[in-house]
Amino acid sequence: MKDSKMNLKISIILFFLLFHGTTILFSDEAKGVVIKNVACVKSPGTHYNLFLPSNYDAKKEWPLMFIFSPSGNANPSMYQEQAEKLGWILIGSVECKNGPMDPIIKHQTALMEEVEKKYSVHPRRMYATGFSGGSRMSFRLMYTYSNKFDGLIPVGAGEMSGGRKKMPWATIYGFAGNTDMNLNEMKSLQKSINGKSVKKFILEEFQGGHTWAPNPLLAKAMIWLEKEFYLKRSRLTKQDKKNRLPAFLKNIENDIVKKGTSFEAFELCQDIVKSFKSNPNAKNINSIYNTLKKDVVIKKEIMAKKKYLAYISQFGKIRNPKKKQLVSYYQIFKKIGKAYPTQKYGLMSSSKAEAILADSKKSKK
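My numbering numbers the first residue of the sequence shown as 10 and each following residue consecutively.
Shown next as structure tokens:
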């Protein structure tokens, strides 16, 4: 009797453990939603916030992007919409945050071990992104596992000191607010590694200070990284050539149609046409591009962008500008902003003018 009661208790306990374990497994593998605080199997002290695209299939290989925040608990939701369209896995680190290096290294190592064993990841398509200190963590992870990484989306900061590796295939799309205190640091980094230790490093300024770039810009960077990967023919798998590239171009076409006659649609068309003009899957995109570039509003946007970028380039070459130079460039950017008050780069010119004016008031030269 005692034995049967004991066996019953053991059976109940085993059933509870089995049921509980199964629940965790299913929640870990839920698709199309962000699952928070998933514990690493072999390192339960390391956690991550997970997003698997709705069409995730373990029989195929998928790009994966790590996300880092300076305060920890990185949230994949800002990248979720575009990750769903492109078919990317997102891993937001919970424990990695500003502070001593040893814990960061420990948790990054655990995350790498986890994702490689648990998910079907493309052998050459890991990415990382982060803001401020999280951006530095992204660089650190990419350099440590360089052969597995294809690129980065750094926001508001550059590298950690030391550890840089030559990665001639890597592509980087970075962001910084036009009043971010780390903007010059990122410009300097771009200049030092673009076309040298990495293949390409684009740095885009946005209106704002030391903060994450707006979600549409982050989505734009993901599209650019995806596009750049398909131009690296030697790194493509059969699945990439046969399935992922045609699907990517179709998704982009759908996005462009939804954006209508916006300048955002034009810039996306322009980039895709430049890269895949001879690809039959890009035929419709090429047709849309030819129509958009004749639009009067788009033409004004193009002119505003041309002027803004020309003077930004000039201004960026001046080291320690004197007050007279600051006043001169303030007037230039103010004029562009006034001429194009509703255009994207006209608004950025007005914002830049205000930032330069503030600097000129502080300058004693």
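Cβ coordinates follow ideal geometry from the N, Cα and C atoms, glycine included.
Item, Value
"In three-state DSSP terms, what is Y298?", "helix"
"I'd like to confirm the pairing. Which residues does DSSP put opposite K385 in its beta bridges?", "Past the edges of the chain, shown from 10 to 374, lies residue 385, and the structure says nothing about it."
"Where V266 and N329 are concerned, what is the direct C-alpha to C-alpha distance, given to the nearest angstrom?", "45 Å"
"Quick check: what's the CA-CA separation for A319 versus K331?", "20 Å"
"What does DSSP give as the partner residues of V305 in its beta bridges?", "In DSSP, V305 forms no bridge with anything."
"Hey, which unbroken runs of the beta strand (DSSP E) at 3 residues or more fall wholly within the stretch 155-202?", "158-164 and 176-186"
"Relative to the C-alpha of E125, which candidate in E194, L234, S369 and P72 has its C-alpha closest?", "P72"
"Smallest Cα separation from Y182: which of R253, G172, K196 and E213?", "E213"
"Compute the distance between the beta-carbons of Q91 and M231, then report whether it is under 8 Å.", "yes"
"Closest to P62 by C-alpha separation, out of N290, E93 and H56, would be which residue?", "E93"
"Quick check on L59: does DSSP put it in helix, strand or coil?", "strand"
"Leaving out five residues on either side along the sequence, give the residues of the same chain with a beta carbon under 7 Å from the beta carbon of M190.", "H219"
"Using DSSP with H/G/I as helix, E/B as strand and the rest coil, what is L120?", "helix"
"Would you call the stretch 255-271 in contact with the stretch 140-152, where contact means no fewer than 3 C-beta pairs closer than 8 Å?", "no"
"Compute the distance between the beta-carbons of N187 and F210, then report whether it is under 8 Å.", "no"
"If the criterion is Cβ atoms closer than 8 Å, does the pair G172 and F77 meet it?", "no"
"Skipping 5 residues on each side, what residues in its chain have a beta carbon closer than 8 Å to that of Q334?", "I327"
"Less than 8 Å separating the beta-carbons of E104 and T55?", "yes"
"Is it right to say C289 is buried, meaning 16 or more other beta carbons lie within 10 angstroms of its own, or is it exposed?", "In the sequence as displayed, the identity of residue 289 is Pro instead of Cys. P289 comes out exposed."
"Go ahead and label V207 buried or exposed: buried means 16 or more other beta carbons lie within 10 angstroms of its beta carbon, across all protein chains shown.", "buried"
"Leaving out five residues on either side along the sequence, give the residues of the same chain with a beta carbon under 6 Å from the beta carbon of E70.", "S129 and H131"
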